[in-house]
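Chemist: Quick note on numbering that gives the first Met the number 0: the sequence shown kicks off at 0 and runs consecutively.
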Amino acid sequence: MKKKGRASKKIERKTVVHFVHGTWPYGPHRRSSPVNKTAWFEDGSEVRKSIENKVEGDVAYTSFSWSGKNSFKAREKAVLELKKHFIEIKSKYPKSKHIFVSHSHGGTICTDFLKFNNQKDLKAVVCLSTPFAYLMKPWGGNDSHGTIFSVALTSVAIAVFYYFFGLNLLEQYNAIIVGICTFLISILLSTALHFGTNSTRALYTGYGIQDPPPILIIRATRDEAALITGFVQSINQLAKSAFEATEGYNDGIFLRVASYACFIIFGYYLVLTIFEKAVLDELGTFSELLLFAVFGPASAGALYLTSYSIVALSTGLTSFPLWFHHTVEVDAAPLETPVALKSYSDLEGLTRSSLRHGIYDMPEVQADIASVINAVVRKKKPKFLTNYQARK
Numbered sequence: 000m001k002k003k004g005r006a007s008k009k010i011e012r013k014t015v016v017h018f019v020h021g022t023w024p025y026g027p028h029r030r031s032s033p034v035n036k037t038a039w040f041e042d043g044s045e046v047r048k049s050i051e052n053k054v055e056g057d058v059a060y061t062s063f064s065w066s067g068k069n070s071f072k073a074r075e076k077a078v079l080e081l082k083k084h085f086i087e088i089k090s091k092y093p094k095s096k097h098i099f100v101s102h103s104h105g106g107t108i109c110t111d112f113l114k115f116n117n118q119k120d121l122k123a124v125v126c127l128s129t130p131f132a133y134l135m136k137p138w139g140g141n142d143s144h145g146t147i148f149s150v151a152l153t154s155v156a157i158a159v160f161y162y163f164f165g166l167n168l169l170e171q172y173n174a175i176i177v178g179i180c181t182f183l184i185s186i187l188l189s190t191a192l193h194f195g196t197n198s199t200r201a202l203y204t205g206y207g208i209q210d211p212p213p214i215l216i217i218r219a220t221r222d223e224a225a226l227i228t229g230f231v232q233s234i235n236q237l238a239k240s241a242f243e244a245t246e247g248y249n250d251g252i253f254l255r256v257a258s259y260a261c262f263i264i265f266g267y268y269l270v271l272t273i274f275e276k277a278v279l280d281e282l283g284t285f286s287e288l289l290l291f292a293v294f295g296p297a298s299a300g301a302l303y304l305t306s307y308s309i310v311a312l313s314t315g316l317t318s319f320p321l322w323f324h325h326t327v328e329v330d331a332a333p334l335e336t337p338v339a340l341k342s343y344s345d346l347e348g349l350t351r352s353s354l355r356h357g358i359y360d361m362p363e364v365q366a367d368i369a370s371v372i373n374a375v376v377r378k379k380k381p382k383f384l385t386n387y388q389a390r391k
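(1) Please list, in chain order, all residues of the same chain as residue 37 whose beta carbon is under 6 Å from its beta carbon, the five residues on each side excluded.
(2) Quick check: the Cα distance between residue 10 and residue 94, rounded to an integer number of angstroms?
(3) Rounded to whole angstroms, how far is the Cβ of residue 332 from the Cβ of residue 216, which I believe are closer than 8 Å?
(4) If I follow the unbroken beta strand (DSSP E) through residue 61, where does it start and stop?
(5) What first and last residue would you give for the alpha helix (DSSP H) that runs through residue 330?
(6) For residue 109, is the classification buried or exposed, using 16 other Cβ atoms within 10 angstroms of its Cβ as the cut-off for buried?
(7) Can you look up residue 249 in the DSSP assignment and give me helix, strand or coil?
(8) May I have the straight-line CA-CA distance separating residue 249 from residue 180, to the nearest angstrom?
(9) Could you name the residues of the same chain whose beta carbon sits closer than 6 Å to that of residue 105, not counting the 5 residues immediately before and after it, in chain order?
(10) Among the residues of its own chain, which have a CB less than 8 Å from the CB of residue 131, if the five just before and after it don't count?
(11) Using the three-state DSSP reduction, which class does residue 78 fall into: helix, strand or coil?
(12) For residue 301, which residues in the same chain have their Cβ closer than 6 Å to its Cβ, ignoring the five residues on either side in sequence?
(13) Would residue 368 pass as a contact of residue 15 if the rule is Cβ separation under 7 Å?
(14) Could you tell me which residues DSSP puts in a beta bridge with residue 16?
(15) Looking at C-alpha atoms only, which residue of 314, 379, 65 is the closest neighbour of residue 232?
(16) Which word fits residue 207, buried or exposed, when buried means at least 16 other C-beta atoms lie within 10 angstroms of its C-beta?
(17) Pull up the CB-CB distance for residue 294 and residue 148, whole angstroms please, since I reckon it's below 8 Å.
(18) What's the gap between the Cα of residue 318 and the Cα of residue 151?
(19) Go to residue 125, then tell me how far its beta strand (DSSP E) extends in each direction, as first and last residue.
(20) Relative to the C-alpha of residue 359, which residue among 56, 129, 160, 143 is closest?
(21) Quick check: the Cα distance between residue 311 and residue 327, rounded to an integer number of angstroms?
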């Protein structure tokens, strides 16, 4: 714990600033700062020195450390650890005001802390380049992800089986019999996957924060991590939209059949786009048509599974059974929660190449953080006070 700031006679209550790091604060393979190098959130870092020198009043600084692992479970555990940390600091300063300054998934931890521990003494939360990841509730709403995931995985599994054994089966048995067996196996496997992996518990389910303190989000345009995640989410939604094309037109069995048909047609389009005339020239027999019917849906399924896998793993959803019934979403702000957002586009001169992980090195961002702290110290509503000016 460190005290810093220029004295002010108007201050009656101490203000405590908690720095919360994000995923892999020292890098993916380190558990502490290297020699002669201090992480941004640690006492003595250039970032903290810059912020502290701009702050007035009776202010104490502390940092909250957690595992930094990229997983929902690690962040869920960190929320409980943050609660314990917060209680300890409050016991040391019973009448203090508090501010969270977080980075990356540290912002996720701070805002999830607010969902269950909304503290009146917490006056502001600053989130630097936070990807707010959350999961849809199991069986929530009309989301069809579980069904699509089962269909996609089944389609890919059958295609792999046909790739190695399909031609031999077609040579030994009637193509119609093989087709019927394939259809029945797909239905049984899809149903088993869908219900066998059902979970009644969702981690970090999406809902808003009740009566939150001011939440101030600072982001950078062209943030590589955000761009990649958004691109993959768009591909995933494209495949999902093909399945949901008939949604709202009818109910019951017709809707399901029509949905499967749209998903399969989307797969056919992918196959024809990739192989074009070469595929059409080979469709001379019913057996070859059956193979095409197998690899068509598998193409759409592979696209859905691949895009979902990238989003899930990049946000830390590593438990495979949870994939069947949880839609992963990544947003620029917490769901249904009022926030103030500021975005920077001029990031020249940063000490790190990554836009997300270098944003706290920006002097303008450090001034933003200091302005929020000063506002809380002066009993004013926190807001961004710095104006953007292009570097010359």
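By construction, the Cβ of each residue, glycine as well, lies at the ideal position given by its N, Cα and C atoms. The structure displayed is predicted, hence computed values, not measured ones.
Modeler: Answer, in terms of the structure:
(1) If you number the sequence shown from 1, residue 37 lands on position 38. Taken in chain order, the residues that qualify are 43, 44.
(2) The count along the sequence shown starts at 1 and reaches residue 10 at position 11. The count along the sequence shown starts at 1 and reaches residue 94 at position 95. Model confidence at residue 10 stands at a pLDDT of 42, short of 50, so the residue's coordinates are unreliable and nothing is read from them.
(3) Within the sequence shown, residue 332 is the residue found at index 333, counting from 1. Within the sequence shown, residue 216 is the residue found at index 217, counting from 1. Residue 332 to residue 216, Cβ: 6 Å. Contact.
(4) Stepping through the sequence shown from its first residue, residue 61 is reached at position 62. It spans 58-63 - the beta strand (DSSP E) in which residue 61 sits, taken as one unbroken run.
(5) The residue you call residue 330 lines up with position 331 of the sequence shown. Not the alpha helix (DSSP H): residue 330 falls in the beta strand (DSSP E), residues 327-330.
(6) Position 110 of the sequence shown holds residue 109. Flag for residue 109 reads buried.
(7) As a position in the sequence shown, residue 249 is number 250, starting the count at 1. Confidence is the limiting factor: at residue 249 the pLDDT is only 43, short of 50, which leaves the residue's position unreliable and the question unanswerable from this model.
(8) As a first step, residue 249 is located in the sequence shown; it is residue number 250 there, counting from the start. As a first step, residue 180 is located in the sequence shown; it is residue number 181 there, counting from the start. With a pLDDT of 43 at residue 249, under the threshold of 50, the predicted position of this residue should be treated as unreliable, though the coordinate-derived value follows. Rounded to whole angstroms, residue 249 to residue 180 spans 29 Å at the Cα level.
(9) Working through the sequence shown from its first residue, we reach residue 105 at position 106. Closer than 6 Å at Cβ, skipping near neighbours: 19, 20, 21.
(10) The residue labelled residue 131 in the question sits at position 132 within the sequence shown. Here the set comprises 106, 107, 110, 329, 330, 331, 332, 333, 334.
(11) Taking the first residue of the sequence shown as 1, we reach residue 78 at position 79. It is helical.
(12) Indexing the sequence shown from 1 puts residue 301 at position 302. Only 155 meet the Cβ criterion.
(13) Numbered from its first residue, the sequence shown carries residue 368 at position 369. Numbered from its first residue, the sequence shown carries residue 15 at position 16. No, the pair does not count as a contact, with Cβ atoms beyond the cut-off.
(14) Sequence index remark: in the sequence shown, residue 16 carries index 17 (1-based). 60, 98, per the DSSP bridge assignment.
(15) As a first step, residue 232 must be located in the sequence shown, where it is residue number 233. When each option's Cα is compared against that of residue 232, the closest is 314.
(16) As a first step, residue 207 must be located in the sequence shown, where it is residue number 208. Answer is exposed; the Cβ neighbour count stays below 16.
(17) Within the sequence shown, numbered from 1, the residue matching residue 294 stands at position 295. Within the sequence shown, numbered from 1, the residue matching residue 148 stands at position 149. Going by Cβ atoms, the distance from residue 294 to residue 148 rounds to 19 Å, so no, they are not a contact pair.
(18) Start at 1 with the first residue of the sequence shown, and residue 318 comes out as number 319. Start at 1 with the first residue of the sequence shown, and residue 151 comes out as number 152. Straight-line Cα distance between these residues: approximately 18 Å.
(19) Within the sequence shown, numbered from 1, the residue matching residue 125 stands at position 126. Segment 121-127, the beta strand (DSSP E) holding residue 125.
(20) Residue 359 sits at position 360 when you count from the first residue of the sequence shown. If we check each option's Cα against that of residue 359, 129 comes out closest.
(21) As a working mapping, residue 311 is identified with position 312 in the sequence shown. As a working mapping, residue 327 is identified with position 328 in the sequence shown. Cα to Cα, the separation comes out at about 6 Å.
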